[in-house]
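Asks:
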Amino acid sequence: MSELTHEAYIPDVETEEDRVATFEQQLSSVTDVRTLNLELDLYQEDPVRIGVNQVFAETYGASGPTLAVHPNFEFLTTGGDVGFQAFSTRTGKRSAHGVFFGQLTNKEGRTVEVAVKPHAVEARHSSATDYVTNAAVEKLGMHNLQPVGVMMPHNEETAYSLSQLDRTITTLDSINWKALRKQDRGDYEQIWSQVARQTALIHSLGSVAHGDLAARNIALKVDGGIFPMDWERAKMSLNPTRDVEARYALSQEDLRELMESMVRSPQGSFKAGLGLFEHEDSWTGFEKLIFTEYAQTRVGYARNPAEARDVIEEVAELQSSLRSHLRIID
Amino acid sequence: MIEALQQQTQISKRYRLANGVLTEDMLVGANQRWVAYPIGDSHQEQLRKRLELGGFILGAAIKSHTPEKTYYTVPIGARPLHLENNVVSGGQFGYSDQHLMYDLGELSGRIHAENNAIVAGPRAETAFAIVDFIKPGDSHLYVAPGAEKLLIPTPEDNPLEAQISQFSPDFLEQYHDSLHSFADGYMRGVQ
C-alpha cells in the first residue's frame, strides 16, 4: 500500500471563520464605493445578462476592490471605511456558497444588516448575477430580500453579493416539520399550499423560473407569508413563449428541485432534504401538498382558452416526468 | 396600549411562542411583537421578577400591564425551540445543535442554582425561545415570558436527570447526539 494516504489529496476546507476574515480583509481594502443604477427592462429576452454587463461597466476601472451599492444604501458611499461585524446564527448552514451574516457600518455609524454570499474567483460573474436577479425580482414587485450591493475584487480574489438581512423570516429547511405537523396540521398544509400557488404564479409570468427552488431557498415570514429567495440561477423574462418544451424546461426544473428537497431524507449525505413523506408514497404526498394546487393555479392564471390548453399540456408532461424522476431518487 | 392592540396581525405557528401558559402572541403595528398571559399569584410574580433580573426571560416587560395580563415585547423573529430543525455544522459564527444544547443546559442549570427550580414538562422545551442573528457574546436562548408558571421545585436527587426527564421523548430523540453538551452546560450553569 502506498504511503500516500487518501487524506493527503483532500484540500484544506475553508471554514466560516476564514470566509469572514477574508471578507473583512477585502472590505478594509475597498478603494471605491459607488452607487449602482441599473436600468432593467424585463421584456427583453435576457434582461439579467444585460444587467450583469451594466454592473461590470459600473465597477470597471477601479484601482482596487470596489463596493457597488443599491441606491437605497447610498449612505454607504459616504464617510468611507465600511466595517463589518459577523453574527452568530443557525441560518444558512446548508448554503453551498457558504453565506454568512452580519452588520455593515460606515464611518458615520450608519448601519445595515446583511447576508453576505461569497463567489469564487472562477465564478465571480455570479455575484453580479445574484445582485441583478434580486433587483429584477424587486422590479417584478414580488416580495424578496432587498439587494444591497456587490463587492468586486481587484485581483484574483473572491467576489461578494450582499442582500439585506431580514430578521422576520426563516427558511423552510429550518423547521422541525414532524413537530409542526403534530402541533397543527392546518398550518403545515397552509405553508405548502402557499408554496404551490407562489410557484404557479412565477411560472405564469412569462418566461420566469427560479432555478433553485429547494426548501432552503424559500422563506417563511413571521406573519405566515412565504416567498422564494436566492434567485441567482433564475431565468427572468416577461416575454411569454408558446413553445411547450421551452415552458416545460423552466417549470420542470423548479418543481423537480422542490420535490427533491421535500422527499429526500434529512440524513442524506447528498442533497439532504426534509423527509416529509417517509411514511407515505412520495408522489401521493407531493401531489397532495403541491402538485394538484400548482396545476389548478397555473390553469387559473391562463389568459385565454389557447393558453389554458398549452398549460394543461405542460402540466400533464410535468406530472409524468416528475413521477419518473421520483422513481430514481426515492 | 388599546390602540396598539387594535392593530394586531396574526403570527405564523412556526414563530408562535404560545405554550399553554403564554396565551397570546401578536404582531402589533409595523414592527413590534407582544406576548401576553394571565398575571400569576404573588409567588409567581416574585419568581418572574427574579427571572427577569437574572436576564433569563425573552424580551422586556411592558410596564403598563392590564390588571389581568402580563405583557412582554419580544424580538419579532424569536422562534420556539421545539420547532427548530437540526443544525449540525457550527464554527465561530454558527449556532449548532451542540452549542444550543450546551446553552440550554447552562440556562437550566442557572435557573436551578438561582431559583432552586426546574422547568416542568411534559414538554419543557416549549418554555424556551431562540433568537437568531446575534452579535458574539449575546445570548441566543431564553425562557419565553410566563416561564415562572412552569417552574417546579428541584427534586433533591439528581437535578440534572430530573430536568432532562421533563423534556418530551421527541425532543430528546431529536437532540440525542448533543445530550452530553446539555449535561456539560448544566454543570457550568449550577456553578
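Residue numbers (numbering that gives the first Met the number 0), protein chains in the order written: chain P, 0 to 329; chain S, 0 to 190. Glycine included, every Cβ here is placed at the ideal spot set by N, Cα and C. Here the structure is a predicted model, which means the values were calculated and not measured.
For S:M100, report the span of its alpha helix (DSSP H) as first-last.
Replies: D96 to N114 is the span of the alpha helix (DSSP H), which, as asked, contains S:M100.
Asks: If we define contact as Cβ-Cβ less than 8 Å, is S:H175 a contact residue for chain P?
Replies: No, S:H175 does not count as interfacial toward chain P.
Asks: Considering only C-alpha positions, which residue in the set P:A20, P:E38 and P:A158 is nearest to S:F92?
Replies: Taking only the C-alpha atoms, the option nearest S:F92 is P:A20.
Asks: Any idea which residues DSSP pairs P:Q163 with across the strands?
Replies: P:Q163 is bridged to P:V113.
Asks: Which residue's Cα is closest to the Cα of P:G272: P:L164, P:V314, P:S94 and P:V136?
Replies: Nearest C-alpha to P:G272: P:S94.
Asks: Does P:F99 come within less than 8 Å of chain S when only Cβ atoms are used?
Replies: At least one chain S Cβ lies under 8 Å of P:F99.
Asks: Examine chain S for any beta-carbon lying closer than 8 Å to the beta-carbon of P:I174, and answer yes or no.
Replies: So yes, P:I174 belongs to the interface.
Asks: Report the residues of the region 2 to 32 of chain S with a CB closer than 7 Å to any CB of chain P, ordered along the chain.
Replies: Taking 7 Å as the Cβ-Cβ cut-off against chain P, the residues of the region 2 to 32 of chain S that qualify are T8, Q9, I10, S11, K12, R13, Y14 and L26.
Asks: Could you list which residues in chain S have their beta carbon closer than 7 Å to that of P:F86, in chain order?
Replies: Those are F92, F132, I133 and K134, listed as they occur along chain S.
Asks: Take S:A193 and list the residues in its own chain whose beta-carbon comes closer than 7 Å to its own, dropping the five residues that flank it on each side.
Replies: Residue numbering for chain S in the displayed model covers 0 to 190; residue 193 of chain S lies beyond these limits and cannot be assessed.
Asks: Counting only the same chain and skipping the five closest in sequence on each side, list residues whose C-beta sits under 6 Å from that of P:D80.
Replies: Excluding positions up to five away in sequence, the list reads K106.
Asks: Alpha carbon to alpha carbon, what distance is there between P:F269 and P:E2?
Replies: Per-residue confidence for P:E2 stands at a pLDDT of 45, beneath the threshold of 50, marking its modelled position as unreliable; the derived number appears in the next sentence. Taking the straight line joining both Cα atoms gives about 30 Å.
Asks: Along chain S, which residues have their Cβ under 9 Å away from the Cβ of P:V298?
Replies: Near P:V298 there are no residues of chain S at all, since even the closest Cβ is about 29 Å away, more than 9 Å.
Asks: Look up P:H142 in the DSSP assignment and give the residues it is bridged to.
Replies: P:H142 is not bridged to any residue.
Asks: Could you tell me which residues DSSP puts in a beta bridge with P:F99?
Replies: For P:F99, which the question treats as bridged, DSSP gives the partners P:V115.
Asks: What did DSSP end up calling P:L41 once you bin it into helix, strand or coil?
Replies: Note: P:L41 maps to coil in three-state DSSP.
Asks: State yes or no: is the beta carbon of S:D169 nearer than 8 Å to at least one beta carbon in chain P?
Replies: It does: the Cβ of S:D169 has a partner Cβ on chain P nearer than 8 Å.
Asks: Taking CB distances under 8 Å as the criterion, tell me whether P:D229 reaches chain S.
Replies: Answer no: the Cβ-Cβ gap between P:D229 and chain S never drops below 8 Å.
Asks: Is it buried or exposed for P:H50, if we count other Cβ within 10 angstroms and need 16 for buried?
Replies: Note that residue 50 of chain P corresponds to Gly in the displayed sequence, not to His. Classification for P:G50: buried.
Asks: By alpha-carbon positions, which one of S:I38, S:Y141, S:F132 and S:I117 ends up nearest to S:E155?
Replies: Ranking S:I38, S:Y141, S:F132 and S:I117 by Cα distance to S:E155 puts S:I117 first.
Asks: Using 8 Å as the cut-off, can you tell me whether the region 35 to 50 of chain P makes contact with the region 230 to 249 of chain P, which would need three or more C-beta pairs spanning the two stretches below that distance?
Replies: Judged by Cβ distances under 8 Å, the region 35 to 50 of chain P makes contact with the region 230 to 249 of chain P, as three or more pairs qualify.
Asks: Look at P:T90 and S:D131 and say whether their C-beta atoms are less than 8 Å apart.
Replies: For P:T90 and S:D131, yes; Cβs fall inside 8 Å.
Asks: Tell whether a beta-carbon distance below 8 Å holds between P:S126 and P:V149.
Replies: Contact: yes.
Asks: According to DSSP, what are the bridge partners of P:F226?
Replies: Paired residues: P:A218.
Asks: Does the beta carbon of S:K48 fall short of 7 Å from some heavy atom of the ligand MG?
Replies: Within the structure as shown, the ligand MG is missing, as the structure has no ligands at all.
Asks: Distance check for S:R15 and S:S107, CA to CA, integer angstroms please.
Replies: Distance between the alpha carbons of S:S107 and S:R15 is about 22 Å.
Asks: Look at the alpha carbon of P:L103 and the alpha carbon of P:V32, and state the distance between them as a whole number of angstroms.
Replies: So the alpha carbons of these two residues sit roughly 13 Å apart.
Asks: Return the bridge partner residues of S:K68 from the DSSP annotation.
Replies: Partner(s): S:P37.
Asks: So, does the CB of S:G58 fall closer than 8 Å to a CB anywhere in chain P?
Replies: For S:G58, the answer is no, since every Cβ of chain P falls outside 8 Å of its Cβ.
Asks: Starting from the beta carbon of P:Q182, find every residue of chain S whose beta carbon is closer than 7 Å, and list them in chain order.
Replies: Simply K12.
Asks: Is S:L52 buried or exposed, if buried means 16 or more other CB atoms sit within 10 Å of its CB?
Replies: Exposed.
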